[in-house]
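Q: Mind having a look at this structure? Questions to follow.
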Amino acid sequence: MAHIFISYSKQDSEFVRYLRALLEAESFDVWFDDELNPGDGWWDRLEVQVKESDAFLVIMSTNSRGSKWVQRELLLAENRKIPVFPVLLSGEVWAHLADLQYVDMRKGLLAKLPIKLLHSLRAINTESPKTKSVEITIQFGSILQFPADVAVFKYANGFHGADARAAEELIRAGTPDSKMRPKEGEYALLPTGEALSASQVLFIGTRKLRQIGYGGIRELGANALSLLAIHAPETRRIVMTIHGPNFGLDESEALLSQFAGYLDALEAGNYPPALERITIVEFNENRAERLQEVLDKYLHDEPYAERLHDQDWLYRLNIPEHASGEKPQVAPQPEPTKTHAYVIMPVNDALDDIFYYGIQNPVHAQGLLCERVDTQEITDELMKQIMQRIDSAAVVIAEVSQIDPAVSWQVGYAWGKKRPVILLTTTRDATPFPGQPYLVYSKIRDLDKALTEQLNSLKDANKF
33 MAHIFISYSK QDSEFVRYLR ALLEAESFDV WFDDELNPGD GWWDRLEVQV
83 KESDAFLVIM STNSRGSKWV QRELLLAENR KIPVFPVLLS GEVWAHLADL
133 QYVDMRKGLL AKLPIKLLHS LRAINTESPK TKSVEITIQF GSILQFPADV
183 AVFKYANGFH GADARAAEEL IRAGTPDSKM RPKEGEYALL PTGEALSASQ
233 VLFIGTRKLR QIGYGGIREL GANALSLLAI HAPETRRIVM TIHGPNFGLD
283 ESEALLSQFA GYLDALEAGN YPPALERITI VEFNENRAER LQEVLDKYLH
333 DEPYAERLHD QDWLYRLNIP EHASGEKPQV APQPEPTKTH AYVIMPVNDA
383 LDDIFYYGIQ NPVHAQGLLC ERVDTQEITD ELMKQIMQRI DSAAVVIAEV
433 SQIDPAVSWQ VGYAWGKKRP VILLTTTRDA TPFPGQPYLV YSKIRDLDKA
483 LTEQLNSLKD ANKF
């Protein structure tokens with residue numbers, strides 16, 4: 033039976049309680065805010081109830097006509113395309129609802145439940161897919177200092193990057209290290225005790241870094257929502273980082289994989305009922321902007337995504353749930369892993385423009401993913417990840433203008449594995465590998481053009 037939300041003025045509370053009793057006697061599930069107190073989370077909880085309703089009853093009266101809260105609730109319902117049923121209690125029919133059929137209950141506590149309202153409510157097909165509205169945003173900042181109900185991290189048989197920084201803060205606040213190390217397929221949901229700005233932290237046990245891949249990142253996104261649906265259903269806002277770029281994966285593909293995981297969970301109905309917003313927090317400001325651009329492009333023509341232009345980079349996703357076993361309507365179908373190019377270069381922020389605009393753009397234009405390990409913390413596990421990505425690369429591209437030991441051994445390893453290697457440099461003098469051909473450039477646009485030509489030649493020769 034339909035779940036009904038009633039919007040009204042507090043001055044009409046007595047009538048609304050009477051109307052609820054009439055509807056509940058007909059087996060309808062009715063909600064209005066008589067049990068809420070203004071203050072903490074009042075509007076947030078009310079908004080969730082509107083979003084989850086099957087029908088929206090608005091009490092038109094002289095009291096509610098000028099209520100900004102009634103108008104706000106009505107606008108929310110209309111935006112979600114929830115069926116609106118005006119009920120006239122006093123005064124005149126509101127002009128902006130004149131095109132809707134209303135029911136007359138101006139007899140107040142003596143009024144009977146109108147038959148046409150009863151029939152209309154019963155005609156609502158509550159078995160049809162519901163739509164879940166969730167906001168998603170990408171923001172520059174520190175996930176450790178970002179307010180949320182839950183901060184979500186992976187645990188890949190060890191702490192890495194943001195996971196490690198979060199664990200350090202939690203240990204410093206008294207959380208036992210052993211409680212934050214879930215096995216693969218398990219989880220740890222813990223209070224932060226104000227060690228982080230989020231109230232709780234969720235560690236999800238995954239495979240080792242070199243085994244995660246894009247499919248694993250998609251699973252991580254889906255598991256974050258599905259675990260919280262069961263163990264923290266009151267969660268309204270979650271924060272995560274983007275997983276993949278710092279351990280060798282293409283940042284655009286990693287983002288879209290994680291986003292696809294969110295869509296998987298939302299379509300399947302595996303999310304906290306109170307969920308309102310997912311925030312991806314990125315500590316590198318330039319990367320945060322690039323990720324925003326990637327998702328802007330991906331969501332540009334998607335009918336389920338609405339850009340909220342009055343906000344600081346925010347989308348509202350209206351996701352229809354599908355029954356178990358049905359073909360997803362929104363989430364993309366998993367695809368075979370794309371071929372990738374692996375890029376070797378020193379870890380240096382000054383080289384980011386060369387990578388993202390001089391190298392990544394022509395690589396992506398060839399239909400290849402563009403991967404590199406962008407961290408100076410080369411652990412044994414990360415070294416194995418580097419070797420694996422080189423082993424499976426269609427082509428290896430090495431920027432050797434600023435040679436260092438890490439660059440040297442990776443280039444040598446690529447040659448040992450007989451990978452096609454393109455060497456880039458800004459100077460012909462003192463090149464580190466005498467006798468090898470180099471692609472020499474001075475400007476990023478020159479690099480883009482020259483690398484495109486080189487990749488085309490390799491492709492024409494069936495090298496990838």
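Each residue of the sequence shown is one higher than the last, beginning at 33 in the working numbering.
For each residue, glycine too, the CB sits at the ideal point set by N, CA and C.
These numbers were taken from a predicted model, which means no experiment stands behind them.
1) Name the one or two DSSP bridge partners that glutamate 285 has.
2) Contact between the stretch 422-433 and the stretch 376-383 is defined here as three or more beta-carbon pairs at a separation below 8 Å; is this criterion met?
3) Measuring only between beta-carbons, confirm whether phenylalanine 64 sits less than 8 Å from chain B.
4) For tyrosine 246, report the span of its alpha helix (DSSP H) as first-last.
5) Which two residues bound the contiguous alpha helix (DSSP H) that contains alanine 57?
6) Mapping the DSSP letters down to three states, classify arginine 309 as helix, strand or coil.
7) So what does DSSP say about lysine 139, is it helix, strand or coil?
8) With a threshold of 6 Å on Cβ separation, who are the neighbours of histidine 35 within its own chain once the five nearest residues in sequence on each side are excluded?
9) Using a threshold of 8 Å, state whether the C-beta atoms of isoleucine 312 and tyrosine 336 are closer than that.
10) With which residues is isoleucine 91 paired in a DSSP beta bridge?
11) Is the beta carbon of phenylalanine 420 less than 8 Å from the beta carbon of arginine 250?
12) For threonine 459, is the classification buried or exposed, using 16 other Cβ atoms within 10 angstroms of its Cβ as the cut-off for buried?
13) Over the uninterrupted alpha helix (DSSP H) stretch that includes histidine 192, give me the two end residues.
14) Looking only at its own chain, which residues have a Cβ that is under 8 Å from the Cβ of aspartate 384, when we skip the five neighbours before and after it?
15) Is the separation between the beta-carbon of glycine 237 and that of glycine 253 shorter than 8 Å?
16) Restricting to runs no shorter than 4 residues, where is the alpha helix (DSSP H) found entirely within the stretch 167-231?
17) Can you give me the Cβ contacts of valine 297 inside the same chain, cut-off strictly under 7 Å, excluding the 5 residues immediately before and after it?
18) Beta-carbon separation of alanine 198 and alanine 183 under 8 Å?
19) Out of Lys83, Gly193 and Asp461, which has the shortest C-alpha to C-alpha gap to serine 39?
20) Rounded to whole angstroms, what's the CA-CA distance from proline 466 to leucine 455? Just pull it up for me.
21) With DSSP as the reference, label asparagine 393 as helix, strand or coil.
22) Along the chain, where does the alpha helix (DSSP H) that runs through asparagine 111 open and close?
23) Identify, in the order they occur along the chain, each residue of the same chain with its Cβ nearer than 7 Å to the Cβ of alanine 143, setting aside the five sequence neighbours on each side.
24) Could you give the first and the last residue of the continuous alpha helix (DSSP H) run that contains histidine 151?
25) When burial is assigned at 16 or more other CB atoms within 10 Å of the CB, is alanine 446 buried or exposed?
26) Looking only at its own chain, which residues have a Cβ that is under 6 Å from the Cβ of serine 356, when we skip the five neighbours before and after it?
27) What's the call for lysine 370, buried or exposed, on a 16-neighbour Cβ count within 10 Å?
28) With a CB to CB cut of under 7 Å and the five nearest residues on each side skipped, what residues in its chain are close to serine 122?
29) Just to check my reading of the structure: arginine 268 and glutamate 308 have Cβ atoms closer than 8 Å, yes? What is that Cβ distance to the nearest angstrom?
30) Looking at the secondary structure, which residues open and close the alpha helix (DSSP H) in which asparagine 350 lies?
31) Going by C-alpha to C-alpha distance, which of Thr169, Ile156, Gly301 and Ile274 sits closest to serine 289?
32) Spatial neighbours of serine 231 within its chain, please: CB distance less than 6 Å, with the 5 preceding and 5 following residues excluded, ordered by chain position.
33) Under a three-way DSSP split, which group does lysine 416 fall into?
34) Spatial neighbours of arginine 52 within its chain, please: CB distance less than 8 Å, with the 5 preceding and 5 following residues excluded, ordered by chain position.
35) Which same chain residues, not among the five before or five after leucine 234, have their C-beta less than 6 Å away from its C-beta?
36) Does DSSP classify glycine 444 as helix, strand or coil?
A: Here's the rundown:
1) DSSP, once it has assigned bridges, lists no residue as partnering glutamate 285.
2) yes
3) In the structure shown, chain B cannot be found, because there is only a single protein chain.
4) 241-263
5) 45-57
6) strand
7) coil
8) Asp61, Ser85 and Asp86
9) no
10) Val119
11) Residue 420 is actually glutamine in this sequence, not phenylalanine. Contact flag unset, no.
12) exposed
13) Element bounds for histidine 192: n/a, residue is neither H nor E.
14) Asn318
15) no
16) 194-204
17) A small correction: the amino acid at residue 297 is alanine; valine does not occupy that position in the sequence shown. Closer than 7 Å at the Cβ level, and outside the excluded window around alanine 297, lie Ala254, Leu257, Ser258 and Tyr303.
18) yes
19) Lys83
20) 11 Å
21) helix
22) 100-111
23) Met137
24) 147-154
25) buried
26) Confidence in serine 356 is poor, its pLDDT being 45 and thus under 50, which makes the residue's placement too unreliable to answer from.
27) exposed
28) Ser93, Thr94 and Arg138
29) 5 Å
30) Run containing asparagine 350: none in the alpha helix (DSSP H); it sits in the beta strand (DSSP E), 347-352.
31) Ile274
32) Asp181
33) helix
34) Ile38, Val62 and Phe64
35) Val182, Val184 and Leu221
36) helix
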